[in-house]
Every structure is written in C-alpha cells, then in structure tokens.
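Report on one structure; see the data block that follows.
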Amino acid sequence: MLDDEKIKIPDPKWGSNLVRIILDLEKLRSKKLVGEVPPWIFFQLKSIFQILETLGSARIEGNNTTLAEYVEKIIEKSAHRDESHKEIENLDAAIRWIEEHTDENTKINRAYVSEIHKLITKELVPPPSGEGSMYPGELRRHNVRINKSSHVPLDVAVLRDYFESFLEFINKDRPEQYQLLMIAIAHHRFAYIHPFDNGNGRMGRLLNYALLIKSGFQVKDVRIINPSSVFYNDREKYYNYLSIADSLNDEDVLQWSEYFLSGLKSEIEKIDHLLIKKYVQEVLLLPAISFSLDRKQITDKEYQILKYLISKNDITMKSEELKNFGITNAVQKSRIMAKLRGKNMIIPIKTNGRIYTINFVNNYLLRGIIKSLENEKFVPEFLNKN
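Everything in the sequence shown is counted per numbering that gives the first Met the number 0, starting at 0 for the first residue and increasing by one.
And the structure:
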C-alpha cells in the first residue's frame, strides 16, 4: 500500500485554535438537551431545515432553483418535476435513508455508500448533461476532471484501493479526541479521491451527516443540523480550503479541519435557539402568521385562533376552546375546525386525535416561517439568488 493511500490524522498543537474548537464541540456532543419545544413543533422545524439542507447541497453543485421557487412547489404540490427538483427530492430521500439506517454501531461500507449514491442520482440525466450517473452506486470506470479545480482526481487504475483505504479510515475505532478530525479529513479525502463519475460533492456532504450520527452527535433526534450550511454561505471559501488540503501536508490538512469544524460548531450553537420554546413562539411562529395575515392569506378570525394556539404552553388546543372567541354553537365550532383542517393549518398531534397544533410545513404558512428564519439569519442569501 502506498504511503499517501493511508489516510492519517495529524496531531494539532496543544493550545491551538483548532484544539479549542474540538474541545468546544466535545462539550456539545455530550451535552444533554431537554428541549422545551413540543415534539409536534420541533419535528416540523426539523423538516424545514431538511428543506434548507437539500436545497443548499444542490445549490453548491450548481442547481439554480431558489428557495422561493422551491417553497412554492411545496405549497402548490406541483406534479411537474423538472431535473432540478428531482435532484433536490433525491437528496431529501437520501437524508431520510441515512436517518433510518444509521446509528453508532453502523459500518459505513461499500453497500451503504452505494445505496446513497443510487438515491441521489435516481432518474437524473447522466453527465455531462445532467446530475445523474452512468454507473449509479458503482465506482467510476474512467478518469474525470473537476470543474473550477486544479486538482486531478485519482487515476481509475488505483481508485479501488484508495477507496477501500478510505472506508477503513472512517470505520476505524479511535479515541473521541480524534473522531471530529476524522470527519473533517474524511470530507476532504472523499472529494480528493472523487470515487464516482458524478455526485461526489453531494455524497461527501451526506457522509458528513452519517458520520456525525455514527460519532454520537444527536443530529437526527434531538438537534437540527444542516451539514451543508457549513459550506454554502461562501462556496468560494469552501473550495479554496478544499484546494489547500489537496497537498495532503499535515499543516494544510489541519487548516482545512479548522475551517470545517469551526463551521460545524457555529451551526450547532445557532441551532440550539430552536429548542427554546419562547424563541420559537415569539420570534418564529407569531411573526409567520402575521406575515400571512398581512398578505390576506388567512382571515383575521383564523389569525386570532392561530395566535391563541401558538401562545399556549404546549402549543395545542381543542375545539371546545373556540368558546374563547365567542363561538359556542357546536355546529359553528365544527365548521371552523373543519375549515382550518381543510386549509392544512392545524393537524392532530396524534392520529385521529382531537387535540390540534399548528401546521406550517406543507401550506402557505411555510412562506411566513421561511421569512422568520431569514430574519434570524438561519437562511443564507445565497439560497435566493439566481
């Protein structure tokens, strides 16, 4: 085996900024979080952040769909799916698959990686015209070039051995202080090897997510994380740091790792706000329904009911509580609740239940939530630029 085929983790200098970042991330990994936000609200927010993640990852690769366009597609439930939207849907399916099939004991082997690649390239036109693959799930069979990069990916003759070395590297048991460095280095080395004919950028960012889950970060159950958000605020900076690490010199690899892990730390700290109930109620949900009222997408009566629901401790209500709005007739209560359900603005917290919460994912209230997230700097401007 060649020396550069073996992927190594350099030791950072004690007292360096990189070590401080790693120590801070280790505190976040072990931090026990008891979210104040009810699960029926939290998991809707998680769904929205998954929308941002899938779109962000696609945009890095050159997909031109804006967030505004994608939100309208969701609201309209459009049957028309062009190539750009299929790509985004595929990324969404891949994230769901990772969450269902990954825990701390998962071995990320060839079959695992192959399945993700098949999902992200499904029904897409192969290169050079599209974002699909000539060999879905299989290692590339020819040499490739990377647009806007001076790096020449590995020759196909040595690709298989290098890729097996990569899989060995990410599955090796190692002390906790090296696990985050492993994830950072794995992201760069996957891009360096460029194992597939297409979709390597998307694959690399999805593997970030899988490796965080495998390393014990509570990203799929407790925390909301956008693996790509570390990168998509400044694509040029991302590509520049990847290029620096292409030398494979210890100092350059550690410089990349510091960039990668500082972005991850910033993202995790920012997302913690979404576990604070008062923040979610007052900063996200109430401004969102005000946004819908201003645009006459909901009536004043609907606004008052939703405002009441959002302001409650558990963010739920029963039909009987409509009496607080002077509605005492049973038939009227039934009609109003049916109308709110018909507009998909409220949903039962349990199947066929009679306790309801606000629904803001799959209807026009989504526009207001996205606006609130934009105001709070959770949505980078990049996602709405053509």
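Glycine included, C-beta positions come from ideal geometry on N, C-alpha and C.
Short check: CB of Ile192 to CB of Leu153, under 9 Å? Walking along the sequence shown from the start, residue 192 turns up at place 193. Walking along the sequence shown from the start, residue 153 turns up at place 154. Yes, Cβ-Cβ distance for Ile192 and Leu153 is below 9 Å.
Tell me, please, which residues DSSP counts as bridged to Tyr355. Here the question's residue 355 lines up with position 356 in the sequence shown. Answer is Met316, Pro347.
Helix, strand or coil at Trp13 according to DSSP, with G and I counted as helix: Taking the sequence shown and counting its residues from 1, one reaches residue 13 at position 14. Three-state result, Trp13: coil.
Length of the line joining the Cα atoms of Ala329 and Ile40: Residue numbering aside, residue 329 sits at position 330 when the sequence shown is read from its first letter. Residue numbering aside, residue 40 sits at position 41 when the sequence shown is read from its first letter. Approximately 28 Å between the Cα atoms of the pair.
How many Å lie between Leu27 and Thr101 at the Cα? As a first step, residue 27 must be located in the sequence shown, where it is residue number 28. As a first step, residue 101 must be located in the sequence shown, where it is residue number 102. Computed Cα separation, rounded: 20 Å.
Please report how far the alpha carbon of Ser119 lies from the alpha carbon of Ile97, in whole angstroms. On the sequence shown, residue 119 is found 120 positions in, with the first residue counted as 1. On the sequence shown, residue 97 is found 98 positions in, with the first residue counted as 1. Note that residue 119 corresponds to Ile in the displayed sequence, not to Ser. Distance between the alpha carbons of Ile119 and Ile97 is about 12 Å.
Between the beta-carbon of Lys300 and the beta-carbon of Ile335, is there less than 9 Å? Numbered from 1 along the sequence shown, position 301 holds the residue referred to as residue 300. Numbered from 1 along the sequence shown, position 336 holds the residue referred to as residue 335. In this structure, Ile335 lies closer than 9 Å to Lys300 by Cβ.
Close Cβ partners of Leu1 (< 7 Å) along its chain, the five nearest in sequence each way excluded: In the sequence shown, counting from the first residue as 1, residue 1 sits at position 2. Residue placement at Leu1 cannot be trusted, given a pLDDT of 45 that sits under 50; the coordinates are not used to answer.
For Asp196, tell me which candidate among Ser46, Arg140, Met344 has the shortest Cα-Cα distance. As a position in the sequence shown, residue 196 is number 197, starting the count at 1. Closest option to Asp196, Cα to Cα, is Arg140.
Do you know how far the Cα of Glu103 is from the Cα of Gly215? Walking along the sequence shown from the start, residue 215 turns up at place 216. Walking along the sequence shown from the start, residue 103 turns up at place 104. Going by the C-alpha atoms only, they are around 6 Å apart.
First through last residue of the alpha helix (DSSP H) which encompasses Lys85: Numbered from 1 along the sequence shown, position 86 holds the residue referred to as residue 85. It spans 82-100 - the alpha helix (DSSP H) in which Lys85 sits, taken as one unbroken run.
Residue ranges of each alpha helix (DSSP H) within the stretch 270-294, 4 or longer: 285-293
Reduced DSSP secondary structure (H/G/I, E/B, other) of Asp160: Within the sequence shown, the letter at position 161 stands for residue 160. DSSP places Asp160 in helix when its eight states are reduced to three.
Secondary structure at Asp2, three-state DSSP: helix, strand or coil? Taking the first residue of the sequence shown as position 1, residue 2 is located at position 3. In this prediction, Asp2 has a pLDDT of 49, which is less than 50 and means its spatial position is unreliable; what the coordinates show is noted afterwards. Three-state DSSP puts Asp2 in a helix.
Contact set for Asn385: own chain, Cβ-Cβ below 8 Å, skip 5 residues either direction: The residue you call residue 385 lines up with position 386 of the sequence shown. So the list reads Asn63, Thr65, once near-sequence residues are dropped.
Tell me the residue span of the alpha helix (DSSP H) that contains Tyr363. Translated into positions along the sequence shown, residue 363 becomes position 364. Premise fails: Tyr363 is in no alpha helix (DSSP H) and is neither H nor E.
C-beta contact flag for Glu60 and Arg201 at 9 Å: Against the sequence shown, residue 60 aligns to sequence position 61. Against the sequence shown, residue 201 aligns to sequence position 202. In this structure, Arg201 lies closer than 9 Å to Glu60 by Cβ.
Contact criterion: CB-CB distance below 9 Å. Does Leu364 meet it with respect to chain C? The chain inventory of the structure shown lacks chain C, comprising one protein chain alone.
Would you check if the distance between the CB atom of Leu260 and the CB atom of Leu17 is smaller than 9 Å? Numbered from its first residue, the sequence shown carries residue 260 at position 261. Numbered from its first residue, the sequence shown carries residue 17 at position 18. Their beta carbons are under 9 Å apart, which means Leu260 touches Leu17 by this criterion.
So the alpha helix (DSSP H) Glu71 belongs to, where does it begin and stop? Here the question's residue 71 lines up with position 72 in the sequence shown. Its alpha helix (DSSP H) spans residues 66-75.
For Gln178, I'd like the list of residues in its chain whose CB is within less than 7 Å of its CB, leaving aside the five on either flank, ordered along the chain. For the purposes of this step, residue 178 is identified with residue 179 of the sequence shown, where counting begins at 1. Cβ within range, chain order: Ser214.
If I measure Cβ to Cβ from Ala244 and keep anything under 6 Å in the same chain, skipping five residues before and after, which residues do I get? As a working mapping, residue 244 is identified with position 245 in the sequence shown. Closer than 6 Å at the Cβ level, and outside the excluded window around Ala244, lie His187, Asp251, Val252, Trp255.
Which two residues bound the contiguous alpha helix (DSSP H) that contains Met181? Reading the sequence shown from its first residue, position 182 is the one you call residue 181. Note, Met181: alpha helix (DSSP H), 175-192.
Applying the criterion that 16 or more other CB atoms from any shown protein chain within 10 Å of the CB defines a buried residue, is Glu175 buried or exposed? As a first step, residue 175 must be located in the sequence shown, where it is residue number 176. Per the 10 Å Cβ criterion, exposed.
Is it buried or exposed for Gly14, if we count other Cβ within 10 angstroms and need 16 for buried? The residue given as residue 14 occupies position 15 in the sequence shown. With fewer than 16 Cβ atoms within 10 Å of its Cβ, Gly14 is classed as exposed.
Helix, strand or coil, according to DSSP, for Tyr302 in the structure here? For the purposes of this step, residue 302 is identified with residue 303 of the sequence shown, where counting begins at 1. In the structure shown, Tyr302 sits in a helix (DSSP, three-state: H, G or I).
Would you kindly work out how many angstroms separate the C-alpha atoms of Leu382 and Lys322, rounded to a whole number? Along the sequence shown, one-based indexing puts residue 382 at 383. Along the sequence shown, one-based indexing puts residue 322 at 323. Cα to Cα, the separation comes out at about 43 Å.
CB Met181 to CB Ile8, shorter than 9 Å? Indexing the sequence shown from 1 puts residue 181 at position 182. Indexing the sequence shown from 1 puts residue 8 at position 9. Yes, they are a contact pair.
Cβ of Asn343 within 9 Å of Cβ of Asn362? Position 344 of the sequence shown, counted from the first residue, corresponds to residue 343. Position 363 of the sequence shown, counted from the first residue, corresponds to residue 362. A contact, by the Cβ cut-off of 9 Å.
Using a Cβ-Cβ cut-off of 8 Å (strictly less than) and excluding sequence neighbours within five positions of Ile449, which residues of its own chain qualify? Summary: the structure shown does not reach residue 449, with the chain confined to residues 0 through 385, and so no result is reported for it.
Where does Phe195 fall in DSSP's three states? Working through the sequence shown from its first residue, we reach residue 195 at position 196. The answer is coil: DSSP assigns Phe195 none of H, G, I, E or B.
Cα separation between Asp91 and His84? Taking the first residue of the sequence shown as 1, we reach residue 91 at position 92. Taking the first residue of the sequence shown as 1, we reach residue 84 at position 85. So the alpha carbons of these two residues sit roughly 11 Å apart.
For the ligand FAD, is there a heavy atom less than 8 Å away from the beta-carbon of Glu68? Summarising the ligand content, the structure contains no ligands, and the ligand FAD is consequently not present.
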